[in-house]
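Report on one structure; see the data block that follows.
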Amino acid sequence: VQSLLRTIFHRILPQVAPGCARVFLDADTTMPAMVAISDFQIVYTGDFRRFYMNDEQMEAVSQVTVTLPEGYYISEVNGDGDYEEIHGAWPYGANMDPQLTRQHLMHLPSSCIRTDDGSLASWELSHHFMKMSHHFTYPSHRGQQLGVISELLIAKRYIELGYRPFKGVSDSNEGVIRGSRKSPYWTE
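In the numbering used here, the protein residues as written are 44 to 231.
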């Protein structure tokens, strides 16, 4: 595999992304690991649990009315203004070019919850394969269901756009796995 990846890196990458020295591969449709190639080292960043919404769950989510706790509001993500903070808070950001995060924010569905002073509190982005991903709530805002609400907001957008919501949750994120398994909106 590493020999094949070296060939891809040397022969194909210059044609696809001239001037790039790194490539990030997400092959979670055929293997459970995320792979980053940098200087020909392969770094596995973990296995993921997959969840999706069936037709009944999608209908239920489309009917949900979202109510936020006091002190928060729903906002759009500002691709130019927020991407560095969002990229920096994302655990896998070190394996990915910040400009790719910016492009995701500018061109794909996302959700965002801010504090009354405009600071980011919770968000979720779309992966370039239209998978819900990059879900994050700052620790100081956890325990108020903001992550669940952020996830419902982006799922509603997916449904409105005609996509089936699905996500991958890192094996190490036991709380989100537990919550997703208990949720009436997710099927593993």
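Even glycine gets a Cβ: it sits at the ideal position worked out from N, Cα and C. Since we're looking at a predicted model, the values are computed, not measured.
Taking 8 Å as the cut-off, decide whether the C-beta atoms of residue i and residue j are in contact.
| i | j | result |
| --- | --- | --- |
| S169 | P182 | no |
| S165 | G136 | no |
| V104 | Y228 | yes |
| M139 | T230 | no |
| L233 | I202 | There is simply no residue 233 to check, as the chain begins at 44 and stops at 231 in what is shown. |
| L148 | G186 | no |
| E167 | E127 | no |
Could you tell me if residue i is buried or exposed, where buried requires 16 or more neighbouring beta carbons within 10 angstroms of its beta carbon?
| i | result |
| --- | --- |
| L196 | buried |
| H171 | exposed |
| H130 | buried |
| T50 | exposed |
| K199 | buried |
| S223 | buried |
| D98 | exposed |
| Q106 | exposed |
| L204 | exposed |
| Q142 | exposed |
Based on the DSSP secondary-structure assignment, which residues constitute the bridge partners of residue i?
| i | result |
| --- | --- |
| L204 | According to DSSP, which records beta bridges pairwise, L204 is partnered with nothing at all. |
| M316 | Residue numbering for the chain in the displayed model covers 44 to 231; residue 316 lies beyond these limits and cannot be assessed. |
| Y234 | No information on residue 234 is available, as it lies outside the stretch 44 to 231 that the chain covers here. |
| L195 | According to DSSP, L195 bridges with nothing at all. |
| R232 | There is no way to answer for residue 232, as the model of the chain reaches only from 44 to 231. |
| L189 | Paired residue(s): none; L189 is not in a bridge. |
| L163 | R157 |
| T235 | An answer regarding residue 235 cannot be provided, because it is not within the stretch 44 to 231 covered by the chain. |
| T180 | S165 |
I want to know whether the segment 203-210 touches the segment 169-187 - three or more CB-CB distances under 8 Å.
The segment 203-210, when compared against the segment 169-187, does touch it at the 8 Å Cβ threshold.
Touch test, the segment 147-158 against the segment 100-119, Cβ-Cβ under 8 Å, three pairs minimum
Inter-segment contact for the segment 147-158 and the segment 100-119 is present: three or more beta-carbon pairs are separated by less than 8 Å.
How do the segment 210-226 and the segment 91-101 stand: do at least 3 beta-carbon pairs fall below 8 Å, yes or no?
yes
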